[in-house]
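Step one of this worksheet: look at the structure below.
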């Protein structure tokens, strides 16, 4: 659209070429149609035939090039006047008879159907073709010399009176809205599917995702937690319970470290408060509680989760490092 | 005696020859519905059971059979058990007169269209008995809606079929299809285009499909007349609904789309190119197209309001057919058919 709007010369040339081409094509087709109707009751007058063929060719050429031009430039022709609709009806009638006439050439079956009304058809076609040529010229010239009045009130009034009403009637009769709806769903049918096949595929998870809790160890295997109970204090859901004692080597360690997963709200405050980076939130979030009591994560379980998630945790931190 | 036995065996075989393909088609139609729905919504759909989910319908059926059959304490037990049986029987009985290819028909009766009409109308009894016997207000409402809808749309549908009967001069399906011989131009779709549209719309309404599924209306009345059914009862209702949809598609393809006639007959080049295709393939293709259309419509449009539904039936569809039928008569008179 934009391409053609920027190059009016090219569009003009293209339109003219299409006009000439389709004119000649339909001239020949109409001639053929005339010679195909072998009507014993109606003698063929060569002059009439030639004029008719010429007029049909011109009409088709004008119409096709007109539509093409407006399509290429993406500016719909204005049809605000109700008289245009009367004119358009003539055009429609003409094209209907013309299509019937052309069917005579292509389908031997339809020939049998249309043969009885062949002479009425061809007569109508002849008269309508003259009318249509005039009409088409009026419409095409009208686009230039009688442009649509663009005052707001005027157009609004006219639209509500004629255009909208007519168009709505036509659309309702052709169940246009239904067809566009079906077209929309037909289009979406061929779109790329958005499904993620869960166990095989997973949704990408942010490195800052706050999932399952875990307790970490030092590389030498010693647990990090020093039982300072900061996490227990900061936990807004009171999900953490800690009891501590002095271990045989004199260091302060936890004897009990329980987290109730049902209470935990995954806020991550415990990780932030931890002075030794012991309690952490991992990005693991596919877990399930099968039995009552399994929701309590004991110290052993938390350490095990920490051991399991250590490589993933390191990776997540490395990924997140540039943004910290 | 042996004669009678042989005859009965033949009848049973004939019935099985219709039943088994229809039931398989129905099973896969449910899968097709799920797949098309998924595709329209940008999903993949059932794909876990079997290759690409092809065994899904059987998994569903097994699940239904395994479930407990629950009857509400206040339900009318005889009618409660009878309703799904009536529904499914009538839905499948209609297939007896459907010809799938020249001569391939169980009962080539003269008044095929009348028979179909009678049988599909009987199907409504299944619905209303289910609604009554469940002794539940939702079921009752659903059944009442379904009845009102089926009665009002049956008129328009009857008129739509009258057009076909007028053009073909016969009520036998095989005769109607034979009258449409000779390529796509000879199908009754073209002279009867408005009636075809009316037929499709009425078909949707008759089978209680969206956009006319007020009888089921999940939002207001949960599942309408089947709300109290579970297990096999629900499965039978489900089966009868889908069998009815397929039946509507098959009738549509027979009456308007030329049944088993090839669309390319008598057309210059394509006619020779497609001569080798077995006739039954055309029928199947057309029926599947119609069936696809029904699914497609379901997943495109929202549900109609009840008064809109009635207005459309009485004030749009019936007048359309009433205008078109005299025109068809004139056409027959002028063309001298």
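Protein chains in written order, with our numbering: chain S, 1 to 324; chain U, 1 to 337. Quick reminder that beta carbons are idealized off the backbone N, C-alpha and C, glycines included.
Contact between the segment 308-315 of chain U and the segment 274-290 of chain U is absent, with fewer than three C-beta pairs closer than 8 Å. In the DSSP assignment, residue 257 of chain S forms a beta bridge with S/242.
Residues of the same chain with a CB within less than 7 Å of the CB of residue 235 of chain U, apart from the 5 flanking positions on each side, are 61 and 64 in chain order. Below 8 Å, enough C-beta pairs join the segment 209-225 of chain S and the segment 271-286 of chain S to call them touching: three or more.
Runs of alpha helix (DSSP H) with 4 or more residues, each lying fully within the segment 231-270 of chain U, are found at 231-255, listed in chain order.
Among the residues facing chain S, residue 42 of chain U is included, as its CB has a counterpart in that chain under 7 Å away. In the DSSP assignment, the residues bridged to residue 223 of chain S are S/217.
The DSSP assignment places 56-66 and 77-93 as complete runs of the alpha helix (DSSP H) inside the segment 38-126 of chain U, in order along the chain (cut-off: 4 residues).
Closest in alpha carbon position to residue 256 of chain U, among U/7, U/301, U/194 and U/326, is U/194.
Under DSSP, residue 198 of chain U forms no beta bridge with any residue. At least one beta carbon of chain S lies nearer than 7 Å to the beta carbon of residue 300 of chain U. DSSP, reduced to helix, strand and coil, places residue 174 of chain S outside both helices and strands of the structure shown, so it counts as coil. Residue 119 of chain U and residue 93 of chain U have their alpha carbons spaced roughly 7 Å apart. Within chain U, the residues placing a beta-carbon under 8 Å from that of residue 191 of chain S are 42, ordered along the chain. Counting the other Cβ atoms within 10 Å of the Cβ of residue 69 of chain U gives fewer than 16, which makes it exposed. Close partners of residue 171 of chain S in chain U (Cβ separation under 9 Å) are lacking, with about 14 Å as the shortest Cβ gap.
Taken in chain order, the members of the segment 287-311 of chain U whose beta-carbon sits within less than 8 Å of a beta-carbon on chain S are 296, 297, 299, 300 and 301. Looking at the DSSP output, residue 150 of chain U bridges to nothing. Distance check between residue 331 of chain U and each of U/198, U/168 and U/12 places U/168 closest, using alpha-carbon atoms only. Proximity of chain U to residue 29 of chain S at the Cβ level (cut-off 8 Å) is not reached, the minimal Cβ distance being about 16 Å. Taking a beta-carbon distance threshold of 7 Å, residue 39 of chain U counts as an interface residue toward chain S.
The continuous beta strand (DSSP E) containing residue 280 of chain S extends over residues 279-281. Fully contained in the segment 261-317 of chain S are the following alpha helix (DSSP H) runs of length 4 or more, in chain order: 269-273.
Within the segment 166-190 of chain U, no beta strand (DSSP E) run of at least 3 residues lies entirely inside it. For residue 182 of chain S, the nearest beta carbon of chain U is closer than 7 Å to its own beta carbon. Near chain S, meaning a CB-to-CB distance below 8 Å, the residues of the segment 192-215 of chain U are 197.
Looking only at S/267, S/255 and S/198, the smallest Cα-Cα distance to residue 48 of chain U is reached by S/198. With fewer than 16 other Cβ atoms from the protein chains shown falling within 10 Å of its own Cβ, residue 298 of chain S counts as exposed. Within the DSSP bridge table, the entry for residue 252 of chain S names S/246 as partners. In the structure shown, residue 209 of chain U falls within a coil segment according to DSSP collapsed to helix, strand and coil. Non-local C-beta neighbours of residue 286 of chain U in its own chain, meaning closer than 7 Å and more than five positions away in sequence, comprise 253 and 257, ordered along the chain. Its Cα nearest to that of residue 126 of chain S, the residue S/91 stands out among S/91, S/141 and S/138. As the crow flies, the alpha-carbon of residue 231 of chain U is around 36 Å from that of residue 181 of chain S.
Excluding sequence positions up to five before and after residue 175 of chain U, its CB lies within less than 7 Å of the CB of 168, all in the same chain and listed in chain order.
Straight across, the Cα-Cα distance linking residue 26 of chain S with residue 46 of chain U is about 52 Å. Residue-level contact check: residue 194 of chain S touches chain U, since one or more beta carbons of chain U fall below 7 Å from its beta carbon.
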